[in-house]
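**Q** In the order they appear, the protein sequences are chains A and B.
Be aware that the first sequence starts at 1, since it is given in the working numbering, and climbs by one per residue.
Be aware that the second sequence starts at 1001, since it is given in the working numbering, and climbs by one per residue.
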Amino acid sequence: MSALLTGAYVPGTSPLHRAPAGPKLALLATACTALLLARTPLLVAACAVVVVALYAVGRIGPAAAWAQLRPLRWFVVVLIVVQVLIADVSTAVALTGRLVLAVALAALVTLTTRTTDLMATLERALRPLRRVGVDPARVSLTMSLALRSVPVVAGIAARLREARWARGGRRSARAFAVPLVVGVLRHADAMGEALRARGLDD
Amino acid sequence: MARSTEGRSKLPAGDLARIAAFAAFIAVLGLPGAFTLFGNSVPVTLQSMGPLLAGAILGARRGALSVILLLALVAAGMPLLAGGRGGLGVFAGPSVGYLIGWVAAAFVAGLIVERSGRRPGTHWVLIACLLGSATTLAVGIPVQAAVSGVPLAETFRLALAFVPGDTAKAIVAALVAAGAQRAYPDAAPAAWRERIDGRS
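(1) Roughly how many angstroms separate the alpha carbons of alanine 158 of chain A and glutamine 83 of chain A, rounded to a whole number?
(2) Assuming alanine 1174 of chain B contacts serine 149 of chain A (C-beta within less than 8 Å), just tell me the rounded distance between them.
(3) Measure from the C-beta of phenylalanine 1162 of chain B to each C-beta in chain A and report whether the shortest distance is under 8 Å.
(4) Looking only at its chain, what residues have a beta carbon closer than 8 Å to the beta carbon of arginine 130 of chain A, apart from the 5 residues adjacent to it on each side?
(5) Report the rounded CA-to-CA distance for alanine 1180 of chain B versus glycine 192 of chain A, giving the unit in angstroms.
(6) Please report how far the alpha carbon of alanine 38 of chain A lies from the alpha carbon of serine 1095 of chain B, in whole angstroms.
(7) DSSP three-state call for threonine 1085 of chain B: helix, strand or coil?
(8) Compute the Euclidean distance between the alpha carbons of alanine 1082 of chain B and glutamine 1047 of chain B, then round it to the nearest angstrom.
(9) How close, in whole Å, do the beta carbons of glycine 1086 of chain B and valine 1067 of chain B come, if the pair is a contact with beta carbons under 8 Å?
(10) What distance in whole Å lies between the Cβ atoms of leucine 1052 of chain B and glycine 1132 of chain B, which are believed to be in contact at a cut-off of 8 Å?
(11) For arginine 1115 of chain B, name the three-state secondary structure that DSSP assigns.
(12) Quick one: residues in its chain with C-beta nearer than 8 Å to the C-beta of alanine 56 of chain A, no 5 flanking neighbours on either side, listed in chain order?
(13) Report the three-state DSSP secondary structure of leucine 72 of chain A (helix, strand or coil).
(14) Which of the residues in the segment 1141-1169 of chain B, read from start to end, lie with their CB under 8 Å from any CB of chain A?
(15) Grab me the residues of threonine 1208 of chain B's own chain with a C-beta within less than 7 Å of its C-beta, minus the 5 sequence neighbours each way, in chain order.
(16) Starting from the N-terminal side, write out each stretch of the alpha helix (DSSP H) that is 4 residues or longer and does not extend beyond the segment 1118-1171 of chain B.
(17) How about glycine 1087 of chain B: is its C-beta nearer than 8 Å to some C-beta of chain A?
(18) Since I believe glycine 1140 of chain B is in contact with glycine 1097 of chain B (beta carbons under 8 Å), could you give me their beta-carbon distance rounded to a whole number of angstroms?
(19) If you measure from the beta carbon of proline 128 of chain A to each beta carbon in chain B, is any gap under 8 Å?
(20) Does the Cβ of glycine 1063 of chain B have 16 or more other Cβ atoms within 10 Å, making it buried, or fewer, making it exposed?
(21) Which of the three DSSP states is assigned to tyrosine 1098 of chain B in this structure?
(22) Quick check on DSSP: helix, strand or coil for glutamine 1047 of chain B?
(23) In this structure, how does DSSP classify proline 151 of chain A when only helix, strand and coil are distinguished?
(24) Looking only at its chain, what residues have a beta carbon closer than 7 Å to the beta carbon of glycine 1014 of chain B, apart from the 5 residues adjacent to it on each side?
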């Protein structure tokens, strides 16, 4: 559960950790666009060296990096096979490598930036949208409510599961999910009452 | 969060709470062990049911907003997607289209259920969830083709493997949504909107 509270952030004091979140995000967007220009395996390899160097600058170990790239592993296998079949090996390597590098770069920003900093940046970025009626304060309130609700909803699910085991009962997903959804709605509507009582709608 | 186009008023607190709770609900559906089929032998995360349920129960706009909220938290680094995935890397990867597709799925499912009245019939909820599920694929497949560089036809053929599972999940989502709406009348989007509008 601790990962749920901190996100994937790896604490540190490297230049990447100290850089403000906004410019890091802007650089990430630029770098991902630039990656699209790397069309040969050689260029992709050069980009890979840069990305590995950036991970070294950020002092991110292989374990933390792998945790971010692991979900891609089967996709990479399928992608290489398909690309080799419909194109050639060098296209397959370039395309797949590019994709992995883009994910690795984005993950690097996540690994070196606190979730709270990213949320604050998002709130700042939403400010211009005030004109069309988006209230950044209400957005960040709703984000905190959602984060707070994750353990609550997980708790409701755990209770229902235990109750089902105690009854030795049915294994159907529906018998579990209907009370879970109702539990979520009860929690939501109680939370709504509490917000209203605190004058959020005034 | 946003002003409704008609009333120029902010989303009421009750809506914010529901949007937040459903974002958390979708996240919990992706936790390992939160949801298992066939006893515990095959752990299946049923997270993709989440957007359909959010749409069918909260309605189009609130459902879509709850999915957007979940994605914002994921982008901020929270590992809330199935398998503990999270962070900006997810949005640079091949599955980003399916995540955007979830927003559209919640909206489509919500639109249909909203329009079928205060006590929507199960058949309408079923149609809503099936169409919502199809919407996810309709957005996800072209984006995956673009990101991975695999031609659309090829990607489509690969994605066909997911159709039986997705259809089954859509059917379960519809049964769950309809069941919840019988058990908790405010779980119907039209009924909830009436209540919220009546209060303000």
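Idealized CB from N, CA, C, for every residue including glycine.
**A** Considering the structure as presented:
(1) Their backbone Cα atoms lie some 44 Å apart in a straight line.
(2) About 24 Å; that fails the 8 Å criterion.
(3) Not a single CB atom of chain A sits nearer than 8 Å to the CB of phenylalanine 1162 of chain B.
(4) Excluding positions up to five away in sequence, the list reads Pro136.
(5) For alanine 1180 of chain B and glycine 192 of chain A, the distance between alpha carbons rounds to 19 Å.
(6) Here the alpha carbons of serine 1095 of chain B and alanine 38 of chain A stand approximately 21 Å from one another.
(7) The sequence as given places arginine at residue 1085 of chain B; threonine does not occur at that position. Collapsing the DSSP output to three states places arginine 1085 of chain B in a strand.
(8) In a straight line, the C-alpha of alanine 1082 of chain B is about 7 Å away from that of glutamine 1047 of chain B.
(9) Glycine 1086 of chain B to valine 1067 of chain B, Cβ: 15 Å. No contact.
(10) That pair is a contact at about 5 Å.
(11) Coil.
(12) Around alanine 56 of chain A, the same chain offers no residue with a beta carbon nearer than 8 Å, after the five sequence neighbours per side are excluded.
(13) Look at leucine 72 of chain A here: in three-state DSSP terms it is helix.
(14) Listed by position, the residues of the segment 1141-1169 of chain B near chain A (Cβ gap below 8 Å) are Val1147, Ser1148, Gly1149, Val1150, Pro1151, Glu1154, Leu1158.
(15) Only positions 1001 to 1200 of chain B appear in this structure, which leaves residue 1208 of chain B out of reach.
(16) If we require 4 residues or more, the alpha helix (DSSP H) runs fully inside the segment 1118-1171 of chain B come out as 1122-1148, 1152-1159.
(17) Interface with chain A (8 Å Cβ-Cβ cutoff): glycine 1087 of chain B is included.
(18) 4 Å between Cβ atoms; contact.
(19) Not closer than 8 Å to any Cβ of chain B, the Cβ of proline 128 of chain A fails to qualify, so no.
(20) Per the 10 Å Cβ criterion, buried.
(21) In the structure shown, tyrosine 1098 of chain B sits in a helix (DSSP, three-state: H, G or I).
(22) In the structure shown, glutamine 1047 of chain B sits in coil (DSSP, three-state: anything other than H, G, I, E or B).
(23) In this structure, proline 151 of chain A counts as helix in the three-state DSSP scheme.
(24) Answer for glycine 1014 of chain B: Ile1196, listed in chain order.
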